[in-house]
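Numbering-wise, the numbering used here comes out as the position in the sequence shown, counting from 1, plus 1169.
Ideal Cβ positions, reconstructed from N, Cα and C, are used throughout, including at glycine.
Have a look at the structure below, then the notes.
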Amino acid sequence: DIAPGMPQGKALDLLQTCPIEGVDFKVRGTNDYKDLEHSDVVIVTAGVPRKPGMSRDDLLGINIKVMQAVGEGIKHNCPDAFVICITNPLDIMVNMLQKFSGVPDNKIVGMAGVLDSARFRTFLADELNVSVQQVQAYVMGGHGDTMVPLTKMSNVAGVSLEQLVKESKISQERLDSIVSRTRNGGGEIVAL
1170 DIAPGMPQGK
1180 ALDLLQTCPI
1190 EGVDFKVRGT
1200 NDYKDLEHSD
1210 VVIVTAGVPR
1220 KPGMSRDDLL
1230 GINIKVMQAV
1240 GEGIKHNCPD
1250 AFVICITNPL
1260 DIMVNMLQKF
1270 SGVPDNKIVG
1280 MAGVLDSARF
1290 RTFLADELNV
1300 SVQQVQAYVM
1310 GGHGDTMVPL
1320 TKMSNVAGVS
1330 LEQLVKESKI
1340 SQERLDSIVS
1350 RTRNGGGEIV
1360 AL
């Protein structure tokens, strides 16, 4: 990140989770691409964050330039690293970062599906007044309006959402509302 102290603080925060998770690893946040040398994994969070009223697509022009700089830094300092991108608009940024860094397709991913699936699970659990641990729900596709919450593949304590609608545990309208809220989950947070 170009903001002094920002990546160092994030790295320290992650490092301090080691005792909780029962693992040992090294994390380094940096403002200098040379510090990426010999990295096994690079997590890219760089870019302009979304502000209230902005869509992910509004970030496109700015964050493509950021991905170009980051991609060139990866190419010159750690071309064999596995790259995880979190920058929005995610789907396009992953593609651009791969193009600029030259890393193979099998060594770069975008991290959004887990977050979107967690949001979907949380909203369902809240609506049905159950633990999120009882909810199995997944989201596929893009990160944003193009995502597809898989209602037909999701269940609560082994009972399909379709069955819960039939049993009037949740209405189809409420389920549709949760699907919409999941698609707009990032925007909801930004607007707060």
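Chain D contact for residue i (CB, 8 Å cutoff)
{"i": "Pro1318", "result": "No chain D appears in the structure shown, which is made up of a single protein chain."}
Segment limits, alpha helix (DSSP H) that includes residue i
{"i": "Phe1292", "result": "Gly1282 to Leu1297"}
{"i": "Gly1242", "result": "Leu1229 to Asn1246"}
{"i": "Gly1355", "result": "Gly1354 to Ala1360"}
{"i": "Val1334", "result": "Leu1330 to Lys1335"}
{"i": "Gly1178", "result": "Met1175 to Leu1184"}
{"i": "Ile1261", "result": "Leu1259 to Ser1270"}
{"i": "Ile1189", "result": "Cys1187 to Glu1190"}
Cβ pair residue i, residue j closer than 8 Å
{"i": "Ala1306", "j": "Ser1300", "result": "no"}
{"i": "Leu1277", "j": "Val1239", "result": "According to the sequence as given, residue 1277 is Ile; it is not Leu. Going by C-beta atoms, Ile1277 is not nearer than 8 Å to Val1239."}
{"i": "Tyr1202", "j": "Gly1174", "result": "no"}
{"i": "Ser1208", "j": "Ala1180", "result": "no"}
{"i": "Glu1296", "j": "Arg1352", "result": "no"}
{"i": "Gln1267", "j": "Asp1274", "result": "yes"}
{"i": "Leu1131", "j": "Val1196", "result": "No answer is possible for residue 1131: the residues shown for the chain start at 1170 and end at 1361."}
Close beta carbons around residue i, own chain, < 7 Å, minus the five adjacent residues each side
{"i": "Pro1176", "result": "Asp1170, Gly1198, Thr1199 and Asn1200"}
{"i": "Gln1332", "result": "none"}
{"i": "Lys1338", "result": "Leu1297"}
Other residues of its chain near residue i: CB distance less than 6 Å, five sequence neighbours each side excluded
{"i": "Gly1280", "result": "It is Met, not Gly, that sits at residue 1280 in the sequence shown. Once the five neighbours on either side are set aside, the close Cβ partners of Met1280 are Ile1253 and Ile1255."}
{"i": "Val1334", "result": "Gln1341"}
{"i": "Val1272", "result": "Val1252"}
{"i": "Arg1350", "result": "Phe1292"}
Span separating the alpha-carbon of residue i from that of residue j
{"i": "Gly1310", "j": "Gly1282", "result": "8 Å"}
{"i": "Val1308", "j": "Glu1357", "result": "17 Å"}
{"i": "Phe1194", "j": "Ile1212", "result": "14 Å"}
{"i": "Met1236", "j": "Asn1246", "result": "15 Å"}
Start and end residues, beta strand (DSSP E) containing residue i
{"i": "Gln1310", "result": "Gln is not the amino acid found at residue 1310; the sequence shown has Gly there. Run containing Gly1310: Val1308 to Gly1310, per the beta strand (DSSP E) assignment."}
{"i": "Pro1318", "result": "Met1316 to Pro1318"}
{"i": "Ile1362", "result": "An answer regarding residue 1362 cannot be provided, because it is not within the stretch 1170 to 1361 covered by the chain."}
{"i": "Ile1277", "result": "Ile1277 to Gly1279"}
{"i": "Phe1251", "result": "Phe1251 to Cys1254"}
{"i": "Ile1212", "result": "Val1210 to Val1213"}
Expected contact under 8 Å - CB spacing of residue i and residue j to nearest Å
{"i": "Arg1288", "j": "Asn1257", "result": "About 15 Å separates the two Cβ atoms, so there is no contact after all."}
{"i": "Lys1244", "j": "Ser1270", "result": "5 Å"}
{"i": "Gly1354", "j": "Asp1285", "result": "7 Å"}
{"i": "Pro1221", "j": "Val1359", "result": "6 Å"}
{"i": "Thr1315", "j": "Val1348", "result": "No, Thr1315 and Val1348 are not in contact; Cβ-Cβ is about 13 Å, not under 8 Å."}
Close-in-space but distant-in-sequence residues of the same chain around residue i (CB under 8 Å, 5 per side omitted)
{"i": "Arg1290", "result": "Val1301, Val1304, Gln1305 and Ala1306"}
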